[in-house]
Structures are given as C-alpha cells and as structure tokens.
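As structure tokens, the structure follows; a few thoughts come after it.
Protein chains: 2
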Amino acid sequence: MLPNLLGFNVRRAHMALWRDFNRTVGIGQIRPGIFSLMVLVDENPGIAQIELATQLKIDKATIVGLIRQLLRQGWIERRQSGADRRRQDVFLTDLGSRELVGLRREMIEHEAKFLRLFSRQELADFFDYLRRIQI
Amino acid sequence: MLPNLLGFNVRRAHMALWRDFNRTVGIGQIRPGIFSLMVLVDENPGIAQIELATQLKIDKATIVGLIRQLLRQGWIERRQSGADRRRQDVFLTDLGSRELVGLRREMIEHEAKFLRLFSRQELADFFDYLRRIQI
DNA sequence: TATTGTTATACTCTATAACTATA
DNA sequence: TATAGTTATAGAGTATAACAATA
C-alpha cells in the first residue's frame, strides 16, 4: 500500500531533501525553516512577524522561536513599527546579510543535486503538481 | 527565491498533507509515521524491527519509540524470534488488525482529496518524480 | 472587538552515542 | 567482530491556549 500513497512518497521525498540540506547548507548552524525565514526577511526588509507567519504558513507562535534563534545569532534585528506599535519590523543585520550570501550559494548547490534529475519540462510539471497540493 | 526552490515546495506540500492527515485519519490516536509502520507490519507479519527501520528509512532507535506506542495501545505484539534470538518479530494484534481496517478507510478518504486534483497521467508522472528524489 | 506578539506547554519525528545480548 | 534492539539524550518543527499591548 505505502508505495502507492501520495502522502508516503511526499514524506520520503521531504526527508531526503531535508537530510541533504543539513549536509550541505550552513552545516550545524541552520535548518530549512530558518533559511526560508531569512530569505523572506532579505526580500522584504521590515516585514512583520505576522506576515512571516502568513507567508510561511505556520503559526505566529512558531515564528517567535525562529526569530529568537536568529536574534541570538545576530543575523536579524527588530524595530518597533512607527505606524502600528504592535508590530515588530524585522531586518537582516549586516552580519546576517553577509551570512546569507554563502547560504544561498550552498542552497543552490544543494538544489542542483536534485534538479539535475529532471528535464526542464519535467521540472515545470513537478513544481506545478507540488503547488496544487499546498492547500 | 523560495517559490522556485524544490525543497521549499516539497516542504509545503508535506505540511499540507500532514495537516489533512491529522484531521482525517485516526484523529487523536495516530500520526503518519505510526500508520505506515502498522501497514508494514500488516503486510509483513513477523517483520523484525531492523527491517522496519530499513524499509521506512529511519534509524532503528527511532523505531523503538514507535513500537512502544503501539504496544501501549495494544495494537501490536512482539515475540522473540526462534531463529535469531536477537530479533523481535512484530505482529498486529486482533485489536490492531480491526483498528487498521478503519484507518485504511480514512487514509483512502484523505488521499482522495489530493488525488482528485490530478489526471491519471499526471499522477503517474508525479509519483515518478517523487520517487526520483527519494535518495 | 480584533490583531500582533509573547509565553507556556506539549507532541511528533528524527538523530547520535553508548550499551546489552546474541550471532 | 558484527548485528538487533534498547536507553538516554538532544534538537527540529509544529500546534494550542491564554495573555498583554495596541488598534
């Protein structure tokens, strides 16, 4: 039964990617969740935590823990929003920005190992299929 | 960057499936990991723990925790192997077998929500792609 | 009343290292 | 020496519930 379950196959694909990520990207310093949060902050300077939660599709309480790690590493900083004082605007620090350059490079190296298993058209279809089930 | 990363998309697809599984299958009693272990035991009565670890691609130490839960629930039982006394042969109990009937039905219901998003050919391709990255 | 962020808590899933019993 | 299973420990990653501050 298992080999014919979509959930089982997605789960194993996820585990394989996860393991290679951890061997390749920011070894001992970073995980997929933290990486994607950093990229989001880099691409949206001053983004609010609630917005990070929405875009990453995880609970706002979960964001707090990730933010705390990145603050401890000195890779991000927060400033209270002027417009809405409930909000904490999140930015990368200079250190965080420099770090992310290397992480992105490692990320591309990691992705390449998997991307090369597909033709251009297969990849386009694969992404399409994966997006369909991101309900 | 994120929407164009294979890892990011697989991760989100995994989360979507995980959440729906937990709303649909064995509510409050079971998780994807436990379910797949039960199915494996059902299809391979007397399977050894080391074999479960190999087939599920997780460490043998991790199996112990899952086995312990299922023992507590009375859904599996173990007998020492006659041939190799290091081994513990794992079986479903009658209770476990009856339980699994309902769980399989819920699993199919859960899968159907996602499978119906694809044509037969798309699904065949999708499974092929997912298997390629299960390194 | 609703939203943003926080704290406390708990659970799943995974791994590594060191161990016992057995092969 | 190698393998099967266990224990202890750790660390991601997620969630829910209740709360303070602010809108």
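Order-wise, the sequence lines are chains V and Z.
For the working numbering, add 4 to where a residue sits in the first sequence, where the first one is 1.
For the working numbering, add 4 to where a residue sits in the second sequence, where the first one is 1.
Cβ coordinates follow ideal geometry from the N, Cα and C atoms, glycine included.
Please read all numbers here as calculations on a predicted model, not as lab measurements.
Option nearest residue i by Cα separation, candidates the options
i	options	result
ASP24(Z)	GLU115(Z), ILE51(Z) and ALA128(Z)	GLU115(Z)
GLY11(V)	MET5(Z), PRO7(Z) and THR28(Z)	THR28(Z)
GLN77(V)	GLN59(V), ASP46(V), GLN33(V) and LEU21(V)	GLN33(V)
ILE54(Z)	ARG109(Z), VAL94(Z) and ILE137(Z)	VAL94(Z)
PRO49(Z)	ALA128(Z), LEU107(Z), VAL105(Z) and GLN92(Z)	GLN92(Z)
VAL43(Z)	LYS64(Z), TRP79(Z) and ALA20(Z)	TRP79(Z)
LEU107(Z)	LEU60(Z), MET19(Z) and ARG35(Z)	ARG35(Z)
LEU70(V)	THR97(V), GLN138(V) and LEU41(V)	LEU41(V)
GLN59(Z)	LEU96(V), SER101(V) and ASN13(V)	ASN13(V)
SER101(Z)	ILE137(Z), LEU127(Z) and GLU47(Z)	GLU47(Z)
Contact with chain Z by residue i, beta-carbon distance below 8 Å
i	result
ASP63(V)	no
LEU42(V)	Looking at the sequence itself, residue 42(V) is Met, so the reference to Leu does not match. Not an interface residue.
ILE139(V)	yes
PHE95(V)	no
LEU75(V)	no
ALA52(V)	no
LEU121(V)	yes
GLY70(V)	Contrary to the premise, residue 70(V) reads as Leu rather than Gly in this sequence. So no, LEU70(V) is outside the interface.
Within-8 Å CB hit, residue i to chain V
i	result
PRO36(Z)	yes
ALA20(Z)	yes
ARG102(Z)	no
GLY11(Z)	yes
GLU110(Z)	no
ASP47(Z)	Residue 47(Z) is actually Glu in this sequence, not Asp. Yes - at least one Cβ of chain V is within 8 Å of the one on GLU47(Z).
Own chain, CB closer than 8 Å to residue i, minus 5 neighbours either side, in chain order
i	result
THR66(V)	ALA57
GLN84(V)	ARG91, GLN92 and ASP93
Beta bridge counterpart(s) of residue i as assigned by DSSP
i	result
LEU107(Z)	Paired residues: none, contrary to the question.
ASP24(V)	Beta-bridge pairing links ASP24(V) to no other residue.
GLN2(V)	The structure shown does not extend to residue 2(V), since chain V is modelled only from 5 through 139, so no value can be given for it.
ARG82(Z)	VAL94(Z)
Neighbourhood of residue i by C-beta, 6 Å cutoff - its chain only, sequence neighbours within 5 removed
i	result
ARG82(V)	GLN92 and VAL94
ALA52(Z)	ARG91
GLY30(Z)	LEU107
Whole-Å CB distance - residue i paired with residue j, under 8 Å assumed
i	j	result
PHE122(V)	PHE130(V)	6 Å
ALA17(Z)	GLN138(V)	6 Å
VAL45(V)	LEU96(V)	6 Å
Cut-off 7 Å between Cβ atoms - residues of its own chain near residue i, not counting five sequence neighbours on either side
i	result
ILE38(V)	LEU70, GLN73 and LEU74
LYS64(Z)	GLN53, ILE54 and ALA57
GLU103(Z)	TRP79
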